[in-house]
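Report on the structure given below.
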DNA sequence: TTTCTTACA
DNA sequence: TGTAAGAA
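In my numbering, the protein residues as written are 524 to 646.
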């Protein structure tokens, strides 16, 4: 299928699909006319990319991870891949840091909010 | 009609 | 990311 079909089946824009390719996340075969040719496997890969992106992983990391994972129909199945475990733990650590920063931000707002309500009430 | 690349709001 | 331009 061509990029337009993949875009329709995944809900991801053509622009974004080309961007994913630039980032090394997709490897469509090129036809003689230069058109990108995708397969059903790519549809699954795009789903995985969206899942990992939503999980907070950078596209650069996803690019490497996709080589360590295969599709069993609808889930990501890890395959033997050197460094994958360590890499995932490292990313998890980054997420922990992000959560900590966000929690601190929320605390600041909670304090301000409580003070505002105490002194001026609601509305 | 659809896609390609490159570049810019 | 969207969109525009020019070509295939």
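Idealized CB from N, CA, C, for every residue including glycine.
Pairwise C-alpha distance: residue j and residue i
{"i": "residue 536", "j": "residue 578", "result": "20 Å"}
{"i": "residue 619", "j": "residue 542", "result": "28 Å"}
{"i": "residue 540", "j": "residue 561", "result": "11 Å"}
{"i": "residue 574", "j": "residue 601", "result": "14 Å"}
{"i": "residue 607", "j": "residue 559", "result": "30 Å"}
{"i": "residue 555", "j": "residue 528", "result": "18 Å"}
{"i": "residue 642", "j": "residue 621", "result": "32 Å"}
{"i": "residue 629", "j": "residue 530", "result": "37 Å"}
{"i": "residue 603", "j": "residue 534", "result": "31 Å"}
{"i": "residue 633", "j": "residue 616", "result": "26 Å"}
{"i": "residue 624", "j": "residue 631", "result": "11 Å"}
Cβ separation of residue i and residue j, assumed to be a contact under 8 Å, to the nearest whole Å
{"i": "residue 585", "j": "residue 599", "result": "At roughly 11 Å, the Cβ-Cβ gap does not stay under 8 Å, so residue 585 and residue 599 are not in contact."}
Coarse secondary structure for residue i, derived from DSSP in three states
{"i": "residue 573", "result": "helix"}
{"i": "residue 635", "result": "helix"}
{"i": "residue 599", "result": "strand"}
{"i": "residue 525", "result": "coil"}
{"i": "residue 625", "result": "helix"}
{"i": "residue 646", "result": "coil"}
Problem - Contact between the stretch 544-553 and the stretch 580-595 (3+ Cβ pairs under 8 Å) - result: yes
Exercise for the section: Kindly provide the ranges of any beta strand (DSSP E) runs that are 3 or more residues long and lie completely inside the stretch 540-595, ordered along the chain. Expected result: 592-594
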